[in-house]
Amino acid sequence: ATGVRTAKVEPVEAEDSVEQFAEYRRLKTTMRQMLMTGVPNPFFTVHDGIVGDTTIVDGKKLISFASYNYLGLSGHPDVSNAAANAVREYGTSVSASRLVSGEKPIHGQLEKRIANWIGVDNSILMVGGHATNETTIGHLVGAGDLIIHDSLAHNSIVQGALLSGARRRPFPHNDYDALDRMLVELRDQYRRVLVVIEGVYSMDGDFSNLPKFIEVKKKHRAMLMVDEAHSFGTMGKTGRGMSEHFGVNARDVDIWMGTLSKSAASCGGFIAGSEALVELLRYTAPGFVFSVGMPPAQVAAALAAIDTLEREPDRVDRLRSRSELFLSLCQEAGLDTGDSAGTPVVPVITGNSMLALRLSNRLKADGINVQPILYPAVDESAARLRFFVTSEHSEEQIRFTVAQTAKHIAELRSGSVEEKAAV
Ligand code: PMP
């Protein structure tokens, strides 16, 4: 008799162990289905040694197209030595958030180096690439704001958007006209609008027309963020990324994001831009303030990688010519490479997860390591093998790989009754 009317709430089944979770049961079903095909699990393969143009699996050397060591700098003696020296000088951890007492001289040096490399005021390092997007996007916008991102945006961008509490809308892949139309309709309902695109798209190997996106963002007083995970070190004449590729002023992009785990042969991420942006994040971004500073080895490795890249810009030229060769050979062989555009990411789309799985398994038997991308990571019709080309691959390795890929696809498509039924 409190006078308060309470709606009747249906009791729900309690779940108090992960084994009961529907998500876990779905995972187990998918794994069982995969095992039933007889093709070994393609995930968590153990690799020995340093992965460059080759890798070692089960003691066997394979040509590798499954790492983003795009410039061969992970394993480069100068980079490894710099990391080892930093460990000797500073230890293996900075043992505190940089804000309090984890700051080392090399942190600031790398941040300035990245900012100068790109052509903006300053940058800030974070311990993970994924975490960089999540915490930055999650922090810079919130309720009352709009995040509008490419429909193929990386999971870290989407997670950041969800964390932020801002309204989230995807726009059709690379379509700046569609973005413009959406902003005509939506812009005046929101305080801040953050447009997020990527440099090179990591599943498809294509890229967006940055000058057009800058035009649209200026027209609507939106902020533009570009994720350079796969374009830092790989795009532009000297590897400075998308601003160099298009010859645009880097300051026309509000937020440059990059990962150090790919061309920079390290781990972690950065945000680069105006002094105000970096200062705000340095004092307030949760994933920076409440997280340990980047370990010395990682900082020193990235610094040495950028130095090496600057000394040896031919690595970028080689990467570009190898990527173009890979793509043109695939096209000549009639393989479906989607929208790949001469970047180091070249998908070979099979449109069928089982076919992709069998294909990668056959290539492994030939001495070629490439990762299948299967449903649900992509739509079933978009299942593929994804090749990451590096500057270290020889023309011979590339020719052999494309030839074997084309041969096996043709065989699998018109193959034995048993295989056909399974495909
Ligand atoms: N952004 C993009 C576009 C990526 O592809 C990735 C990972 N491949 C990340 C962010 C996260 O970077 P990291 O792996 O360095 O955490």
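Note that UniProt numbering has the sequence shown beginning at 719, numbered continuously upward.
Even for Gly, the Cβ is constructed at its ideal location relative to N, Cα and C.
Because the structure is a prediction, the values reported are computed rather than measured.
Report task. May I ask which residues mark the beginning and end of the beta strand (DSSP E) holding THR1119? Result -> Within the sequence shown, residue 1119 is the residue found at index 401, counting from 1. Run containing THR1119: none in the beta strand (DSSP E); it sits in the alpha helix (DSSP H), 1113-1131.
Query raised in the report: Between the C-alpha atoms of LYS1138 and ASN799, what's the straight-line distance to the nearest angstrom?
Result: Mapped onto the sequence shown, residue 1138 falls at position 420. Mapped onto the sequence shown, residue 799 falls at position 81. Reliability fails at LYS1138, whose pLDDT of 44 lies under 50, so the model's placement of it is uncertain and no value is given.
Query raised in the report: Could you check where the alpha helix (DSSP H) with ASP1025 kicks off and where it finishes?
Result: Within the sequence shown, numbered from 1, the residue matching residue 1025 stands at position 307. First-last of the alpha helix (DSSP H) with ASP1025: 1014-1029.
**Report entry** Close-in-space but distant-in-sequence residues of the same chain around GLY883 (CB under 7 Å, 5 per side omitted)
**Finding:** For the purposes of this step, residue 883 is identified with residue 165 of the sequence shown, where counting begins at 1. Closer than 7 Å at the Cβ level, and outside the excluded window around GLY883, lie GLY860 and ALA861.
Query raised in the report: Could you give the distance in angstroms between the alpha-carbon of ILE875 and the alpha-carbon of VAL914?
Result: Position 157 of the sequence shown, counted from the first residue, corresponds to residue 875. Position 196 of the sequence shown, counted from the first residue, corresponds to residue 914. Each residue's Cα considered, the two are about 8 Å apart.
Query raised in the report: Is the beta carbon of LYS980 less than 9 Å from the beta carbon of TYR742?
Result: By 1-based counting over the sequence shown, the position of residue 980 is 262. By 1-based counting over the sequence shown, the position of residue 742 is 24. Not in contact: LYS980 and TYR742 (Cβ atoms no closer than 9 Å).
Query raised in the report: Between VAL818 and ALA849, what straight-line distance do the alpha-carbon atoms span, to the nearest angstrom?
Result: Counting from 1 along the sequence shown, the entry for residue 818 is found at position 100. Counting from 1 along the sequence shown, the entry for residue 849 is found at position 131. Near 20 Å, if we compare the C-alpha coordinates of ALA849 and VAL818.
Query raised in the report: Quick one: what does DSSP say ARG1102 is sitting in, helix, strand or coil?
Result: Counting from one through the sequence shown, the residue named residue 1102 turns up at place 384. If DSSP states are grouped into helix, strand and coil, ARG1102 belongs with the strands.
**Report entry** VAL838 versus ALA990 - alpha carbon distance
**Finding:** As a working note, residue 838 is residue 120 in the sequence shown. As a working note, residue 990 is residue 272 in the sequence shown. Their backbone Cα atoms lie some 7 Å apart in a straight line.
Requested in this report: Work out the CA separation of GLU1050 and HIS1126 for me, nearest whole Å.
Outcome: The residue you call residue 1126 lines up with position 408 of the sequence shown. The residue you call residue 1050 lines up with position 332 of the sequence shown. Rounded to whole angstroms, HIS1126 to GLU1050 spans 16 Å at the Cα level.
Report task. Count the CB pairs spanning the region 1022-1033 and the region 1094-1107 that are closer than 8 Å, and state whether there are at least three. Result -> no
Report task. Kindly examine ligand 1 and report whether one of its heavy atoms sits closer than 8 Å to the Cβ of CYS985. Result -> By 1-based counting over the sequence shown, the position of residue 985 is 267. CYS985: yes, Cβ under 8 Å from ligand 1.
Query raised in the report: On the three-state DSSP scale, how would you describe LEU864?
Result: Indexing the sequence shown from 1 puts residue 864 at position 146. LEU864 falls in the strand class under three-state DSSP.
Report task. Out of VAL1107, VAL1120, PHE1105 and LYS1082, state which residue places its alpha-carbon closest to the alpha-carbon of VAL775. Result -> Here residue 775 corresponds to residue number 57 of the sequence shown, with the count starting at 1. With distances taken between Cα atoms, VAL775 lies closest to LYS1082.
Query raised in the report: In terms of residue numbering, what span does the alpha helix (DSSP H) encompassing GLY826 cover?
Result: In the sequence shown, counting from the first residue as 1, residue 826 sits at position 108. That run of the alpha helix (DSSP H) goes 823-836.
**Report entry** Environment of GLU916 [buried if 16+ CB atoms lie within 10 Å]
**Finding:** The sequence position of residue 916 within the sequence shown is 198, counting from 1. GLU916 comes out buried.
Query - Nearest candidate by alpha-carbon position, reference SER1046, set PRO1065, PHE762 and ASP1032 - result: Here residue 1046 is taken as the residue at index 328 of the sequence shown, counted from 1. With distances taken between Cα atoms, SER1046 lies closest to PRO1065.
Query raised in the report: From VAL1135 to MET943, what distance separates their C-alpha atoms?
Result: Here residue 1135 refers to the residue found at position 417 of the sequence shown. Here residue 943 refers to the residue found at position 225 of the sequence shown. Its pLDDT being 36, under 50, VAL1135 is placed unreliably in this model, and the coordinates cannot settle the point.
Query - Rounded C-alpha distance that separates THR854 from ILE836 - result: For the purposes of this step, residue 854 is identified with residue 136 of the sequence shown, where counting begins at 1. For the purposes of this step, residue 836 is identified with residue 118 of the sequence shown, where counting begins at 1. Taking the straight line joining both Cα atoms gives about 19 Å.
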